[in-house]
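A.B. asks: Protein chains in written order, with my numbering: chain A, -11 to 352; chain B, -11 to 352; chain C, -11 to 352; chain D, -11 to 352. The beta-carbon is built from N, C-alpha and C at its ideal position, and this holds for glycine as well. Keep in mind it's a predicted model, so treat the numbers as computed, not measured.
Number of protein chains: 4
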Amino acid sequence: MSGSIYGKLFTISTFGESHGPALGVVIDGCPAGLELCEEDIQIELDKRRPGVGAAATKRNEADKVQILSGVFEGKTLGTPIALVVYNEDAHSSDYSALKDVYRPGHADYGFDAKFGMRDHRGGGRSSGRETLARVAAGAVAKKILKSLGIELTAYTLSIGPIRAESFDASVIYENPYRFADPIAAAKADSFVSALKADMDSAGGVIECRINGVPAGIGDPVFDKLDARLAGAMVSIGAVKGIEIGDGFAAAMSRGSENNDPFDLNDGKIVTTTNHAGGILGGMSTGCEIVFRVAVKPTPSIAKEQQTVTMNAENTTIQIKGRHDTVIVPRAVPVVEAMAAITIADALLCNMGSRIDRITDFYKR
Amino acid sequence: MSGSIYGKLFTISTFGESHGPALGVVIDGCPAGLELCEEDIQIELDKRRPGVGAAATKRNEADKVQILSGVFEGKTLGTPIALVVYNEDAHSSDYSALKDVYRPGHADYGFDAKFGMRDHRGGGRSSGRETLARVAAGAVAKKILKSLGIELTAYTLSIGPIRAESFDASVIYENPYRFADPIAAAKADSFVSALKADMDSAGGVIECRINGVPAGIGDPVFDKLDARLAGAMVSIGAVKGIEIGDGFAAAMSRGSENNDPFDLNDGKIVTTTNHAGGILGGMSTGCEIVFRVAVKPTPSIAKEQQTVTMNAENTTIQIKGRHDTVIVPRAVPVVEAMAAITIADALLCNMGSRIDRITDFYKR
Amino acid sequence: MSGSIYGKLFTISTFGESHGPALGVVIDGCPAGLELCEEDIQIELDKRRPGVGAAATKRNEADKVQILSGVFEGKTLGTPIALVVYNEDAHSSDYSALKDVYRPGHADYGFDAKFGMRDHRGGGRSSGRETLARVAAGAVAKKILKSLGIELTAYTLSIGPIRAESFDASVIYENPYRFADPIAAAKADSFVSALKADMDSAGGVIECRINGVPAGIGDPVFDKLDARLAGAMVSIGAVKGIEIGDGFAAAMSRGSENNDPFDLNDGKIVTTTNHAGGILGGMSTGCEIVFRVAVKPTPSIAKEQQTVTMNAENTTIQIKGRHDTVIVPRAVPVVEAMAAITIADALLCNMGSRIDRITDFYKR
Amino acid sequence: MSGSIYGKLFTISTFGESHGPALGVVIDGCPAGLELCEEDIQIELDKRRPGVGAAATKRNEADKVQILSGVFEGKTLGTPIALVVYNEDAHSSDYSALKDVYRPGHADYGFDAKFGMRDHRGGGRSSGRETLARVAAGAVAKKILKSLGIELTAYTLSIGPIRAESFDASVIYENPYRFADPIAAAKADSFVSALKADMDSAGGVIECRINGVPAGIGDPVFDKLDARLAGAMVSIGAVKGIEIGDGFAAAMSRGSENNDPFDLNDGKIVTTTNHAGGILGGMSTGCEIVFRVAVKPTPSIAKEQQTVTMNAENTTIQIKGRHDTVIVPRAVPVVEAMAAITIADALLCNMGSRIDRITDFYKR
């Protein structure tokens, strides 16, 4: 088992190694009648391509997506949607030196321990390219959410010590670091240039905000909406933590501070603060959903590192090839995609929660 | 759907409202031949009962577990193990005042939004008592892990501003705060007493360490071992965040600092540091697995709070009844239980990962 | 794994050995707001109790069901519904002679091969008593279906060579053989009495008809409605075959005979014949759903049989104790229950199939 | 949901419309280290191509499969294996006449009822071409089984009134009807020619035999091995029934005839007869597994049929285009594929059934 299937009713099944023939995803459970074309998906895929700043890798593929099934005359059929991207610009020879060596911070050793073998080229299945399939599926989920008035915005909150101090959603995709704060973006460029010169790398924090989710989405026990978001986020390579609402800071506050008072706004129930991040007891409150994920520094660095070979010999390694000094910016659309998929799935699962709504649904 | 089922091969299905007739769990997928008796489960259940410190609630039930199936002559049969605990000491009348009011920080509003109704008595399905079923199932998972040489230790790392500064596993269940540091435990007692006088509450952080998991457990994509642990932890009520290894601190470090160099120890591959917390690319490295969860302050406080009624009228609320000033200590065995269940499931799922091991398994 | 969980959104998790403390089921995914009391379930459980005819076993327990969770003030909460029946009248000593012997036609040998052990008392998990949990869960599913105007009727079509020749639903539970034809029931009584004197047993065929399922329920590939019904039916102990509509007879007919012409009835699309049994391409047509299951003869017979012991020695066996000469009548409510659970689940899964209906659902 | 995912640990996710760009499958859960190349899959795909007899359609595509992922240097990686076949020879114009008309015996009406739309070209997702993905996945499952010494043989037992009277496995793929009896094959050719002249079609029965499955595979309750096989078989388009072992005939026999006596063969436990078809109580007995499926007559016939339009008007239809007079032969490899996938999955699920075997597995 490689655990490459995600979702209960909106189910995605991804495939592909970094330097194999292709990567892609099969989506089973997309409702019929949704307008969908390749351009809808391409727009999202392009967001995860390297930007122009100092953080960028030089690998720059077109990553053109093809829809192989599930769409007819511009609309989804309700049947599985297969999306594929063929690999073009893969310099496998860059990696031959790494064939027998376990790169620190990477999954190499785990693969050999689990499967007894691995595709050593570019990380194989554990490459960042794997997220391409998630973003493609997320593009479809986002279209479903959009038709329900739900919008997601993910962005870089910090890179290393550089932290955003303002928020302007319109600039996120205008700087290569995906900051919503142009000043932080400028600072990050200097920071990352220095890191690069130092043959080192940095991590950061991504924040995601989701608006328009109705109250009552998610389940009260294991399938809590935040539990599902947490699983989805930590499933993204390099993510080492997640917090919802105030998160770890809530652990330091008092009940009287952390509880969000309920109030009325035009007769609608709202909370006056949002320490909970829009989810209470696993179910959405109707407020903005907010969470943050911690991304570790890119493990591939040019600096010399101590490690061992497959044959259990000590050695050192210097990782060449094209690598992002910071992968945070490229993880931003992945966070958005996984959140979209999770919310879409929770919305579908929620439809059968009340007998009155079921009888009403089938009576029409 | 209430999302009360967890696990792929070691699957638990929990049930029960705080003030209903009973709570319990059905475990499907426990291997046959494991020695198991009610005492094995009772020991774990007793760990989540209130301690004697200032943090404790006064509700103090026997919580006697019964095994209804799946065990014969002291051993598991491989068939579903049903465990049940009947509710005895439930003062429903304590809650009648809360019937029409949404308690801040609780799931009440979410329940009504989702299901159109709720059992208002003691939080119903969202009560802390729900975790009883998790701990019961965790007791079984822990026995499986023990037979494989795997041990788990969860403990309080901080309560409000009080943070542990030493580690002695032997004291965890000798203080009501589940600190592994007796000095921190003493400080916590003063802190919590003051909070209680103030009619307020606090949160904290729980750390969990798991030793003995072989390398290669977990899957490289969605079912990463840390992704599954993250989902499991955030599914525990009041948990608002999780971090694996260095977690959010990793987001501030450099690749050269955060990467754990591989080395050899008696010919065995190990890492010389463990910033990764024992998991790389979703698969265990064979090192100690370490993660922390953030627990929010108990939302039930005696202090007056602003809120609204079911009928959308503004009101205030003072929550009476028996509530823990800090729920962190009682969440400690729950963290351990959910980790045990998750690891046991991942171990079972991993058995089919290599054709040579499968053919070897069936040849015998 | 014992494979005791069934259903995707309406999920049942059953437990219990024939002579263990109790049997039962946890239902996760029942919608909230459904009126439900113990009597609703008891009525169905009573249908699987032995009748008064020659076919009956003498084991005659009260089988009183208790609702342990998920129901509050007479309505379902949307949370898991746990149902339990304690075993009372279990004569374990009847079975001690069978401890080391594999009964022909039973699961005994399979259990030992799979689990390395078994509860030999009364078949343990493979006892007919296991179906009690299915019928209890089915009672809940039937209430959901009833509120959607869907009705199920299962009945005996044949016992050994005795085949029904008329259909009157009102007599099904007025004869111990569950025939819808009183003349067949009378003939069956003579036939079964003779069998009993002969220390032998017989099988039969059960037919089930389901009315009111809207068109378009079920999925076009693996989760075809008939595929799910087939899996559900063959999962009932002693069932060795299923056919939908004309079934095996269709394999002998021509396309021009077997195709059901579409026609209009008051503007509604219908078929003029129903060789398909109400399902085409895995989706319901809106016509009556019809299927039949083959039930093998009761394997427990008093006649001497050749067999082997656990220690691989030849021996003979005569099965004493209380056994039904024909189990077909007691399987009738089980067929109905499993069909109800399957249809209820398919209806819930179907709600997210069209984007227009989803947006409409969430707009209200 | 289109229900296009099958299997618990060996999971296949299929996609593709008959006249869309491509069809294919993603297999998640194939163990690592299995030798696999495109030729292994192509051989199986070629078996479902039309033969040369009277039964054949004229659509004759190359159906060249490509492996997009999961295989590296000739071995499986343990990661998802994506297999794709592009559509080449699709005459969509043949189908434009059918756009607004519901073909009797087809899924057309169900699609519109469920999804509000459909790809009318060649049946879209409900085309027989959908089985291509099953056969491709089955080729991989068969390689797993082969390495465990398990062999499957499916063949035509009857076509219309023509029934096999002898068995010679070597001739199955030497006649276009997939009979294991050359005389029956010759008779079938005359029968089918006459049918074709008559613009009509026929169905038939397929039998499948599986040897080498160890005892104890399958689960005792819902996931009985025969229940899973039944679900898998009825999920194949046009299948209307399945029986295991004696099946419906068992319903007519007596317990003393139907029970298979246990005996010893070289110290190994066997049964002297096999009325059960190799499965008792849902678990394999170690004997040959035998089942039969009923395939309905091809619904596409050139004869004029009564039907209705999408706009609810009466009309008649004559189905032109390339259609098999009998689809039984082309379903033979599909039956084998679905059986292989089901058995492979059950073998993987079974590995965690005993604690002694688990500890042994992890100790090595």
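1) Look up Glu195(D) in the DSSP assignment and say whether it is helix, strand or coil.
2) Below 8 Å on the Cβ atoms is my guess for Pro68(B) versus Phe3(C); work out the distance and round it to an integer in Å.
3) Give, in chain order, every residue of the stretch 272 to 286 of chain A whose Cβ lies closer than 8 Å to some Cβ of chain B.
4) What residues in the stretch 324 to 350 of chain D have a beta carbon less than 8 Å from any beta carbon of chain B?
5) Just to make sure I have the definition right: I need the residues of chain D whose C-beta is within less than 7 Å of the C-beta of Pro170(A). Which are they?
6) Using a Cβ-Cβ distance cut-off of 9 Å, determine whether Phe(-2)(C) contacts chain D.
7) Quick check: is any heavy atom of the ligand GDP less than 8 Å from the C-beta of Tyr74(B)?
8) What residue from Gly111(C), Pro285(C), Val123(C) has the CA that sits closest to Asp51(C)'s CA?
9) Taking Ala190(B) as the reference, give the member of Phe155(B), Asp16(B), Ser288(B), Pro9(B) with the closest Cα.
10) Under a CB-based cut-off of 9 Å, is Gln306(C) close to chain B?
11) Since Ala264(C) and Ala125(C) should fall inside the 8 Å C-beta cutoff, what is the C-beta to C-beta distance between them, to a whole number of angstroms?
12) May I have the straight-line CA-CA distance separating Val258(A) from Thr273(A), to the nearest angstrom?
13) Whole angstroms is fine: what's the gap from Asp186(C)'s alpha carbon to Lys175(C)'s?
14) Does any residue of chain A bring its CB to less than 9 Å from the CB of Ser189(B)?
15) Is there at least one Cβ from chain C nearer than 9 Å to Thr259(A)'s Cβ?
16) Buried or exposed for Cys337(A), going by 16 or more other Cβ atoms inside 10 Å?
17) Determine the direct distance from the alpha carbon of Ile331(C) to that of Leu33(C), and round the result to whole angstroms.
18) Distance cutoff 9 Å, beta carbons only. Does Ile31(C) sit that close to anything in chain B?
19) According to DSSP, simplified to helix, strand and coil, what is Leu(-3)(C)?
20) Can you list, in chain order, the residues of its chain with a C-beta nearer than 7 Å to that of Gln293(C)? Leave out the 5 residues immediately preceding and following it.
21) Would you list the residues sitting across from Val365(D) in a DSSP beta bridge?
22) Using a Cβ-Cβ cut-off of less than 8 Å, list which residues of the stretch 17 to 31 of chain B approach chain D; keep chain order.
23) Taking the alpha carbon of Glu195(A) as the reference point, which residue from Ala182(A), Lys256(A), Glu276(A), Asn253(A) has its own alpha carbon closest?
24) Alpha carbons only, please: which of Leu252(B), Val316(B), His94(B), Gly266(B) is nearest the one belonging to Asn246(B)?
25) Give the secondary structure of Met105(C) by DSSP, where H, G and I count as helix, E and B as strand, and everything else as coil.
26) By Cβ distance, which residues of its chain are closer than 8 Å to Gly235(C), with the 5 residues on each side in sequence left out?
27) In terms of residues, what are the limits of the alpha helix (DSSP H) holding Gly12(D)?
28) Identify the contact partners of Leu268(C) in chain E, using a Cβ-Cβ distance below 8 Å as the criterion.
29) If you follow the beta strand (DSSP E) that Thr304(B) is part of, which residue opens it and which one closes it?
30) Taking Ala142(B) as the reference, give the member of Asn75(B), Arg36(B), Ala203(B) with the closest Cα.
31) Anything in chain D within Cβ reach of Ile132(B), meaning under 8 Å, just list it in chain order.
32) Considering only their Cβ atoms, is the gap separating Ala319(C) from Val296(C) smaller than 9 Å?
33) Quick one: is Asp16(C) buried, meaning 16 or more other Cβ sit within 10 Å of its Cβ, or exposed?
34) Please compile the residues from chain B whose C-beta is within a distance smaller than 8 Å of the C-beta of Gly66(D).
35) With distances taken Cα to Cα, identify the nearest neighbour of Gly322(D) among Ala203(D), His311(D), Ser223(D), Leu65(D).
36) Taking only the alpha-carbon atoms, compute the straight-line gap between Ser341(B) and Gly66(B) and give it to the nearest angstrom.
C.D. replies: On the basis of the supplied data:
1) Walking along the fourth sequence from the start, residue 195(D) turns up at place 207. Three-state result, Glu195(D): strand.
2) Residue 68(B) sits at position 80 when you count from the first residue of the second sequence. Residue 3(C) sits at position 15 when you count from the first residue of the third sequence. Between Phe3(C) and Pro68(B) the Cβ distance is about 4 Å, and since that is below 8 Å, they are a contact.
3) Ser272, Thr273, Gly274, Ala282, Val283, Lys284, Pro285, Thr286
4) Leu335, Leu336, Cys337, Met339, Gly340, Ser341, Arg342, Ile343, Asp344, Arg345, Ile346, Thr347, Phe349, Tyr350
5) Your numbering for residue 170(A) matches position 182 in the first sequence. What Pro170(A) touches in chain D: nothing, since even the nearest Cβ is about 40 Å away.
6) Along the third sequence, read from residue 1 onward, the residue named residue -2(C) stands at position 10. It does not; no Cβ of chain D falls within 9 Å.
7) Ligands displayed in this structure: none; no statement on the ligand GDP is therefore possible.
8) Locating residue 51(C) in the third sequence gives position 63, where the first residue counts as 1. Of the listed residues, the one whose Cα sits closest to Asp51(C) is Val123(C).
9) To locate residue 190(B), count along the second sequence from 1; it is residue 202. Closest option to Ala190(B), Cα to Cα, is Ser288(B).
10) Taking the third sequence and counting its residues from 1, the one referred to as residue 306(C) is at position 318. So no, Gln306(C) is outside the interface.
11) As a first step, residue 264(C) must be located in the third sequence, where it is residue number 276. As a first step, residue 125(C) must be located in the third sequence, where it is residue number 137. Contact flag wrong, Cβ pair sits at about 28 Å.
12) Working through the first sequence from its first residue, we reach residue 258(A) at position 270. Working through the first sequence from its first residue, we reach residue 273(A) at position 285. If I take the Cα positions, the gap works out to 8 Å.
13) To locate residue 186(C), count along the third sequence from 1; it is residue 198. To locate residue 175(C), count along the third sequence from 1; it is residue 187. So the alpha carbons of these two residues sit roughly 17 Å apart.
14) For the purposes of this step, residue 189(B) is taken as the residue at position 201 of the second sequence. It does; some Cβ of chain A falls within 9 Å.
15) Reading the first sequence from its first residue, position 271 is the one you call residue 259(A). For Thr259(A), the answer is no, since every Cβ of chain C falls outside 9 Å of its Cβ.
16) Residue numbering aside, residue 337(A) sits at position 349 when the first sequence is read from its first letter. With 16 or more Cβ atoms within 10 Å of its Cβ, Cys337(A) is classed as buried.
17) The sequence position of residue 33(C) within the third sequence is 45, counting from 1. The sequence position of residue 331(C) within the third sequence is 343, counting from 1. About 20 Å.
18) As a first step, residue 31(C) is located in the third sequence; it is residue number 43 there, counting from the start. Not one chain B Cβ lies under 9 Å of Ile31(C).
19) What you label residue -3(C) is simply residue 9 of the third sequence in a count that begins at 1. Correct three-state label for Leu(-3)(C): coil.
20) Numbered from its first residue, the third sequence carries residue 293(C) at position 305. If we look at Gln293(C) and ignore the five residues flanking it on each side, its Cβ neighbours are Pro92, Thr304, Ile305.
21) The requested residue 365(D) does not occur in the structure, where chain D is confined to residues -11 to 352.
22) Gly17, Pro19, Ala20, Gly21, Leu22
23) For the purposes of this step, residue 195(A) is identified with residue 207 of the first sequence, where counting begins at 1. Of the listed residues, the one whose Cα sits closest to Glu195(A) is Glu276(A).
24) Indexing the second sequence from 1 puts residue 246(B) at position 258. If we check each option's Cα against that of Asn246(B), Gly266(B) comes out closest.
25) Taking the third sequence and counting its residues from 1, one reaches residue 105(C) at position 117. Met105(C): coil per DSSP, three-state reduction.
26) As a position in the third sequence, residue 235(C) is number 247, starting the count at 1. Same-chain partners within the cutoff: Gly265, Phe279, Arg280.
27) In the fourth sequence, residue 12(D) corresponds to position 24, counting from 1. Looking at the DSSP string, Gly12(D) is not in any alpha helix (DSSP H); the run it does join, the beta strand (DSSP E), is 10 to 16.
28) In the displayed structure, chain E is absent; the protein chains listed are A, B, C and D.
29) Within the second sequence, the letter at position 316 stands for residue 304(B). It spans 302 to 305 - the beta strand (DSSP E) in which Thr304(B) sits, taken as one unbroken run.
30) Here residue 142(B) corresponds to residue number 154 of the second sequence, with the count starting at 1. Selected option, being the one with the closest Cα: Arg36(B).
31) Here residue 132(B) is taken as the residue at index 144 of the second sequence, counted from 1. Within chain D, the residues near Ile132(B) are Ile343, Ile346.
32) Here residue 296(C) is taken as the residue at index 308 of the third sequence, counted from 1. Here residue 319(C) is taken as the residue at index 331 of the third sequence, counted from 1. By the CB criterion at 9 Å, Val296(C) and Ala319(C) fall outside the cutoff.
33) Taking the first residue of the third sequence as position 1, residue 16(C) is located at position 28. By the C-beta density criterion, Asp16(C) is buried, having at least 16 other C-beta atoms within 10 angstroms.
34) For this step, residue 66(D) is matched to residue 78 along the fourth sequence. In chain order, Ser341, Arg342 make up the part of chain B whose C-beta sits under 8 Å from the C-beta of Gly66(D).
35) Stepping through the fourth sequence from its first residue, residue 322(D) is reached at position 334. Per the sequence shown, the amino acid found at residue 322(D) is Val instead of Gly. Nearest C-alpha to Val322(D): Ser223(D).
36) Here the question's residue 341(B) lines up with position 353 in the second sequence. Here the question's residue 66(B) lines up with position 78 in the second sequence. Rounded to whole angstroms, Ser341(B) to Gly66(B) spans 22 Å at the Cα level.
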